[in-house]
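To start, the structure itself, in structure tokens.
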Amino acid sequence: MEQEAYDSVKMALAWYFLPLKQPFLPMYGMDLCYSRQLGTSAGNDNILPTITFHFPGADLDVTSRAFLVFPDYLCLAIVPHQFDFVTVIIGNLAQSNHRFLFNVLENTVTFAKEECKLGS
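The UniProt record's numbering applies: residue 1 is where the sequence shown begins, and numbers increase by one.
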């Protein structure tokens, strides 16, 4: 993700987790990691935010599947980059349970939620 967009996501997550008293805990080269305080609302994976990527003509809602969840911490699998030729790469966690369609003639991408385990 471009650095400016990444900084915006990082700030939004800081504000999101602040009232939950979930400490920021960078690790393994990822800045967007937080302590999971079990026994509190912060230890509940259901409170993880949805992040929306806005594309021309479509929005992709990335749910808690984009978080790497471990017993003591969780990390959002997004990192910044300094490349001029790419804006964002959406990883496999964020893409799970979505069907992506690329129209190379019109230079568009569309997607829809899909239960991939059903093999449709």
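Where is the CB? At the ideal position from N, CA and C, for every residue including glycine.
Distances from the alpha-carbon of S35 to those of Q95, L118, A94, Y73 put Y73 closest. Remark: fewer than three beta-carbon pairs, one from each stretch, lie closer than 8 Å, so the stretch 16 to 34 and the stretch 110 to 117 are not flagged as touching.
If you look at S96, you'll find it isn't in any alpha helix (DSSP H); DSSP assigns it neither H nor E. Comparing C-alpha distances from T50 to each of K117, Y16, F102 shows the shortest one belongs to Y16. I90 sits away from V9, with the two beta carbons spaced by 8 Å or more. D31 sits in coil when the DSSP states are folded into three classes, being neither helix nor strand.
Per DSSP, K10 is one residue of the alpha helix (DSSP H) stretching across 3 to 17. In the same chain as G29, and ignoring 5 residues on each side of it, the C-beta atoms closer than 8 Å to its own belong to V79, in chain order. Per DSSP, T63 lies in no beta strand (DSSP E) segment and is marked neither H nor E.
Counting along the chain, the unbroken beta strand (DSSP E) around V69 starts and ends at 67 to 69. Per the DSSP secondary-structure output, L76 pairs in a beta bridge with F67.
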